Amino acid sequence: MWTLCLCACSDRTSSVNDEPSVSLPIGFSSDVASAESPQTRGTVLTTIDKVRLFASYTGTADWGPSSSYSFDYMYDQLLTKVADGSWTYSPLKYWPVNPADKISFFAYAPEEVKTKGYISVSAASTSNPKFTYTLPAQESDKLDLLVAGTLNCTNATKKVSLSMKHALTQVTFKAKNGAPANISNITLSAATVTMPGTGTLTFNSASVPASASGTFIWTPDTSTSKLTIFTADDKLGGSKTISLGTFADAQTLATFFLLPVGDPSTQVKFSLTYTITKTSGPNSGNTTALTTTISPSASPLWLPGKVLGYTILVIDDRLEIDGSVTVEDFGNGTDIGGGGIPAT
43 MWTLCLCACS DRTSSVNDEP SVSLPIGFSS DVASAESPQT RGTVLTTIDK
93 VRLFASYTGT ADWGPSSSYS FDYMYDQLLT KVADGSWTYS PLKYWPVNPA
143 DKISFFAYAP EEVKTKGYIS VSAASTSNPK FTYTLPAQES DKLDLLVAGT
193 LNCTNATKKV SLSMKHALTQ VTFKAKNGAP ANISNITLSA ATVTMPGTGT
243 LTFNSASVPA SASGTFIWTP DTSTSKLTIF TADDKLGGSK TISLGTFADA
293 QTLATFFLLP VGDPSTQVKF SLTYTITKTS GPNSGNTTAL TTTISPSASP
343 LWLPGKVLGY TILVIDDRLE IDGSVTVEDF GNGTDIGGGG IPAT
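Using this note's numbering, read the sequence shown as starting at 43 and increasing by one per residue.
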């Protein structure tokens, strides 16, 4: 989890149909806490220097799942961390003076998901807005996505905390020889994951009360046209192969950031292309080329901010998933620190 803080004061009133009356500008501090330690977790974000921010002014009402509110107050606002550690943006925005008026804030990072066209956001005038995210299909293009939502802030809040949470599921696949007594070698040449590659993210779903600040929910697009084949290309593909031999230790095949689909058993298929050399049986001494597919079991669920580890056992012409699937969180935070932006 990353935390950005918004600081401000207040001074006037306004109607929900207009921009809130204003006095002092909203400022940001650069006190950022990462939700993971800087360890070897692929491309998990440990620092950010740009955030895209959205805000909705709702008058005296709460932001709600069936509301008519939109990202009308701040839309696609770029926040940039400068050399002195502070965060800056332009044009400045302001708190309402009426102590009962509320603003809800929403954000995502990194900036790269915008420049590469992976994310789109409902227009500023759209009610109950959403983020739509399409994941890159190549393992080497994977990106960690951070999302925040802090609801129903007033000018008494003083410091508004944007808690940036990991929005995707990180999945690592390993493989090992599942029948070393009968198979002398297995050479892996390709690995893919076929599953929904586009999803919509909404804040504060109908099943969650408005008081649950920061809550979001994914809805994967399960239509056939939106299924994506995610391809391993770090350790496999092209001329790159992995030899399993008869070793007891599993070899890492690929790590992806994927949509949190909940139950993966009906939505996810893992395929492995390999050759095997058998030491016994009718094809002893021969090398056979195969492509085999398997789906994960319903448990554990694929949830945002979770790190899942699967070990695939290659047993002749079939694959099995080792029963000890690992599930972790992204890790503990580290304080990056810094100073505030002057409200000028």
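All C-beta atoms, glycine included, are put in the ideal place defined by N, C-alpha and C. Given the structure is predicted, the values throughout are model-derived calculations rather than measurements.
With a threshold of 16 other CB atoms inside 10 Å of the CB of Phe147, please say whether the residue is buried or exposed.
buried
Output yes if chain D places a C-beta closer than 7 angstroms to the C-beta of Gly106; else output no.
Structure shown: chain D not included; a single protein chain is present.
By the three-class DSSP mapping on this structure, what secondary structure does Lys89 have?
Note that residue 89 is Thr in the sequence shown here, rather than Lys. Three-state DSSP puts Thr89 in coil, outside helix and strand.
Which of helix, strand or coil DSSP assigns to Ala263
Ala is not the amino acid found at residue 263; the sequence shown has Asp there. Three-state result, Asp263: coil.
Is Val213 near Leu300, with beta carbons less than 7 angstroms apart?
yes
Within the continuous alpha helix (DSSP H) that includes Glu154, where are the two ends?
Glu154 to Thr157
Leu276 in three-state terms, based on DSSP
Note that residue 276 is Asp in the sequence shown here, rather than Leu. Reduced to three states, the DSSP call for Asp276 is coil.
Taking one C-beta from the segment 304–321 and one from the segment 332–340 each time, how about it: are there three or more such pairs within less than 8 angstroms?
Using a Cβ-Cβ distance cut-off of 8 angstroms, the segment 304–321 and the segment 332–340 are in contact, since at least three pairs of beta carbons, one from each stretch, lie closer than that value.
Which residues in the same chain have their Cβ closer than 7 angstroms to the Cβ of Ile357, if we skip the five residues on either side of it in sequence?
If you ignore the 5 residues before and after Ile357, its C-beta comes within less than 7 angstroms of the C-beta of Gly220 and Ala221, all in its own chain and listed in chain order.
Can you find the residues in the same chain that come closer than 6 angstroms, C-beta to C-beta, to Thr28, ignoring five residues on each side of it along the sequence?
Examination of residue 28 is not possible in this model, given that the chain is present from 43 through 386 alone.
Suppose contacts are defined by Cβ-Cβ distances below 7 angstroms. Is Leu95 in contact with Leu121 by that definition?
yes
Does DSSP put Asp371 in a helix, in a strand, or in coil?
strand
Taking Cβ to Cβ, would you say Thr335 is nearer than 7 angstroms to Lys320?
no
Determine the direct distance from the alpha carbon of Val93 to that of Val369, and round the result to whole angstroms.
Here the alpha carbons of Val93 and Val369 stand approximately 28 angstroms from one another.
N- and C-terminal bounds of the beta strand (DSSP E) containing Ile228
Its beta strand (DSSP E) spans residues Ile225 to Pro238.
For the beta strand (DSSP E) containing Ile145, list its first residue and its last residue.
Ile145 to Ala151
What does Gln212 pair with, by DSSP beta-bridge criteria?
Phe299 and Val349
Taking its Cβ as the centre, do 16 or more other Cβ atoms sit within 10 Å of Ser366, making it buried, or is it exposed?
exposed
Is the beta carbon of Phe245 sitting closer than 7 angstroms to the one on Tyr352?
no
CB of Tyr115 within 7 angstroms of CB of Ser98, strictly:
yes
Assuming Phe113 contacts Ala166 (C-beta within less than 8 angstroms), just tell me the rounded distance between them.
5 angstroms
Close Cβ partners of Ala292 (< 7 angstroms) along its chain, the five nearest in sequence each way excluded
Taken in chain order, the residues that qualify are Lys216, Ala217, Lys218 and Thr353.
Who are Glu362's beta bridge partners in DSSP?
Leu355
Limits of the beta strand (DSSP E) - the one that Gln309 falls within
Neither: Gln309 is in no beta strand (DSSP E) and is coded neither H nor E.
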